[in-house]
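The structure under discussion appears below in the form of structure tokens.
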Amino acid sequence: MVDTVVFLVAAVVILVGALGVIFSRNPVHSALMLVMTLFGVAVLFVAQGAHFLAAVQVIVYAGAIVVLFLFVIMLLGVDTAENLSSEPLAGQRPAAAVVAVASVGLLAVLAVRAVQVSTGAEATTLPLDSERSNIAVLAEVLFTDYLFAFEVTSVLLVIAVVGAVVMARRPRPAATDELEDDGSDGDDLGVERHTQTEAELA
Amino acid sequence: MGGALFLLTAAALASGRPPRGFYALFTVITAVLAMVGSALAWGRVTDPARGAYSAIGDAIMVDGFSVFFGIVITVAIALAALLADDYLRREGLDGPELYVLMLLSGTGGLVMAMANDLIVVFLGLETLSIALYVMAGFQLRRLESQESAIKYFVLGSFSSAFLLYGIALVYGATGSTNFSRIADFLADNLLAANGLLLAGFALLLVGLGFKVAAVPFHVWTPDVYQGAPTPVTAFLASASKAAGFAALLRVFLSTFDLYRLDWRPIMWVLAVLTLVVGSFLAVVQTDVKRMLAYSSISHAGFVLVGAEAASDRGLAGALFYLLAYTFMVVGSFGVATLVGRRGDADHSLPAYRGLSQRRPLLALAFTVFLLAQAGVPLTSGFLAKFYVIGAAVEAESYALALIAMISAVVSAFVYLRITVAMYMTVEEGDDAAAALPFVRVPPAAALSLGIALVFTVVVGLVPSPVVDFARDALPVLVSAGP
């Protein structure tokens, strides 16, 4: 009984949110409606006993990603009303329709045939109905079998930081001056163009 | 080996504010230390009493195969760092960032080569790639460099997604991401419906094929190779490709060995397309860096020929090819770095006119690298091609061997075209050629080119130690613990 009520409430929240994302005139409202949808999905995860997924859903999607959306919307300006009648990429709407139908078809096929493609292999984690919470099981797997992967991820984050710093900084002014002052280089370029035109003529 | 890896990362980040040339020297020393570490590990894994072992929860595998690739990648780092030293100063970009990224990227490559788990392969690939995206766009003032970084980033992200999806499907089909456990599972169980597994194969092949620039996943290669700063291109063409092949060979030849009947035809098609497209499109290029980019695609095809043979001999051939190729390609792009001058201004063929008169030694070195890439006898390139084609013949892939030989002939035309441009006699009074600027050869780059040159020639003359090295460097599957 409780399950059914929870499901119904969550489903209504999700659907209203999803429709709101599409029909809102204001992009900020759309983003906020998306948060509502994602919260609804998180509730469904909790109802299924997948607490870890629910937490990740709220933290990563509702928290980080939607905030990112809002950042972009704010940066681009909220007032600019999107003109939906023009198509910047020709033919993208029919293509989108095809992809949508194909995705739904794929999901349907998967749902129908899911039983037949299962392989009987044991999962790394425990089945959901076991005594232990899945957060504990995931933590155990992460810090034993996948410890190395976990550590390498930190290296990856370091690279992301270094890379962002490198890409974001301006070219050094000193170097730019040098390039402009260096007269001989300019001569080289002139000669070079001359050579190229000759080669083209030949 | 693991220690060397962490030294590589930690030390690169701790570097202070030193005199000029220090960063490059530091990078080279780190790479050489890692190489020594690999050599010590080699002694251990080839010792029959001890053999290969896996470590850190079976996440990484230390065997001859990973040690071999450790050496290939550290060689690539050292040579590329030597090239980068002068290049960065010339461009006014001197600083530790490029070296840090190069070392981190190399670490990613080592992780990929040692990985015994699909997740670790993926993380290694990302570590390698993200550093490379930044390195490709390192030259902030050049639009081409920025463009190549963006192209590489967008396409690379797609390919990573493919790889990840493939990993997910393989996990779904076998219940593990660990290579040893996957192989055990596939050996013990016969899958009634293996569609999931095969789809996983295909997606893995797309992801890794992108990294090694196999056709049809090659479209990024010419643009990125051309746009990236040339020392980075050298690194990209050597270390990144080697790491991609390390993962590809280990995943398919050792983990999915039982399913070779399923993946060999795909590999066959990939190899043929890569060979043909690489060598034929190289012919019509006018920019030397693009030519070398297409030729590196066709080299990837040769390595795939070795992989397609799916035998120990094919694998050893592929490994030898990669080692020889690393030296050749770093040397070639090294010469391109020097000739291209400030801002990678001019890599067109006319820039190489009369190089033999202006810089006889440089022209000679470039000629040797090009001839080696063409597969002329007495160079390492000839033996490399010989071994992979020999393996293909042994595996009765006659058509593939034939196509490989034809494309070798076609691409020889490209290399000879550059050589002719260099040695073409410049007539008296040819102002344009005479006015081409003097090419300065800094000592660090000369050292790098010299090492590559010596290796290419010596291995061409006395191949047996390296051949034995490659033959012993086969991947091992150590059964996972309980």
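Protein chains in written order, with the working numbering: chain B, 1 to 202; chain E, 1001 to 1482. We treat Cβ as the ideally placed atom computed from N, Cα and C, and that holds for glycine. This one's a predicted model, so the numbers in the text were calculated from it and none came from an experiment.
| query | result |
| --- | --- |
| Report the residue from E:1375, E:1337, E:1217 whose alpha carbon sits nearest the alpha carbon of residue 1448 (chain E). | E:1337 |
| For residue 1090 (chain E), which option in E:1339, E:1404, E:1387, E:1419 has the closest C-alpha, if you only look at C-alpha atoms? | E:1339 |
| Could you name each continuous alpha helix (DSSP H) segment of 4 residues or more that falls completely within the stretch 7–83 of chain B, going from the start of the chain to the end? | 27–47, 51–56, 66–76 |
| Give me the residue from E:1299, E:1350, E:1470, E:1242 with the minimum Cα distance to residue 1111 (chain E). | E:1242 |
| Rounded C-beta distance between residue 1362 (chain E) and residue 1330 (chain E)? I'm assuming under 8 Å. | In fact, because the Cβ distance is near 15 Å, the residues do not count as touching under 8 Å. |
| Within a Cβ cutoff of 6 Å, which residues of the same chain sit near residue 1333 (chain E), ignoring the five residues on either side of it in sequence? | 1230, 1233, 1234 |
| What did DSSP end up calling residue 1424 (chain E) once you bin it into helix, strand or coil? | coil |
| Starting from residue 1117 (chain E), find everything on chain B with Cβ-Cβ shorter than 9 Å and list it in chain order. | 145, 146, 148, 149 |
| What residues in the stretch 1106–1134 of chain E have a beta carbon less than 8 Å from any beta carbon of chain B? | 1107, 1108, 1111, 1117, 1119, 1120, 1123, 1124, 1126, 1127, 1130, 1131, 1133, 1134 |
| Please list, in chain order, the residues of the stretch 151–171 of chain B that have any C-beta partner in chain E closer than 9 Å. | 151, 152, 153, 155, 156, 158, 159, 160, 162, 163, 164, 165, 166, 167, 169, 170, 171 |
| Helix, strand or coil for residue 1215 (chain E)? Go by DSSP, reduced to three states. | coil |
| Under three-state DSSP, which class holds residue 1348 (chain E)? | strand |
| When the cut-off is 8 Å and only beta carbons count, does residue 1418 (chain E) lie next to chain B? | no |
| Rounded to the nearest angstrom, what separates residue 1153 (chain E) and residue 1177 (chain E) at their Cα positions? | 26 Å |
| Count the other CB atoms within 10 Å of the CB of residue 1206 (chain E); is the residue buried (16 or more) or exposed (fewer)? | buried |
| Mind listing, in chain order, the continuous alpha helix (DSSP H) runs of no fewer than 4 residues lying wholly within the stretch 1280–1351 of chain E? | 1288–1309, 1312–1340 |
| Tell me where the alpha helix (DSSP H) around residue 158 (chain B) begins and ends. | 147–168 |
| Which of the three DSSP states, helix, strand or coil, is assigned to residue 1115 (chain E)? | strand |
| By the DSSP assignment, the beta strand (DSSP E) with residue 1154 (chain E) in it spans what residues? | No beta strand (DSSP E) holds residue 1154 (chain E); the alpha helix (DSSP H) holding it covers 1143–1174. |
| Please state whether DSSP places residue 1062 (chain E) in a helix, a strand or coil. | strand |
| Round the Cβ separation of residue 1523 (chain E) and residue 1274 (chain E) to the nearest angstrom and send it over; I've been treating them as touching at under 8 Å. | In the structure displayed, chain E extends from 1001 to 1482; residue 1523 (chain E) sits before or after that span and is not available. |
| Using the C-alpha atoms, what's the distance from residue 62 (chain B) back to residue 39 (chain B)? | 7 Å |
| Which two residues bound the contiguous alpha helix (DSSP H) that contains residue 1471 (chain E)? | 1464–1472 |
| Using the Cβ count rule (16 or more neighbours within 10 Å means buried), how would you classify residue 176 (chain B)? | Legend: pLDDT at residue 176 (chain B) = 41, less than 50; position of this residue unreliable, value from coordinates given subsequently. Under this definition residue 176 (chain B) is an exposed residue. |
| Can you name the residues of chain B whose CB is closer than 8 Å to the CB of residue 1138 (chain E)? | 166 |
| Hey, is residue 1147 (chain E)'s beta-carbon within less than 8 Å of any beta-carbon in chain B? | no |
| Quick one: grab the DSSP three-state call for residue 1194 (chain E). | coil |
| Which whole-angstrom value is the C-beta distance of residue 1249 (chain E) and residue 1318 (chain E), which I expect to be below 8 Å? | 6 Å |
| Between the C-alpha atoms of residue 1290 (chain E) and residue 1265 (chain E), what's the straight-line distance to the nearest angstrom? | 29 Å |
| When burial is assigned at 16 or more other CB atoms within 10 Å of the CB, is residue 135 (chain B) buried or exposed? | exposed |
| Against residue 1100 (chain E), what residues of chain B qualify as contacts under a CB-to-CB distance less than 7 Å, listed in chain order? | 162 |
| Whole angstroms is fine: what's the gap from residue 1180 (chain E)'s alpha carbon to residue 1468 (chain E)'s? | 26 Å |
| Residue 1365 (chain E) to residue 1062 (chain E), Cα distance in whole Å? | 36 Å |
| Measure the beta-carbon distance from residue 1244 (chain E) to residue 1212 (chain E) and round it to whole angstroms, keeping in mind my assumption that it falls under 8 Å. | 4 Å |
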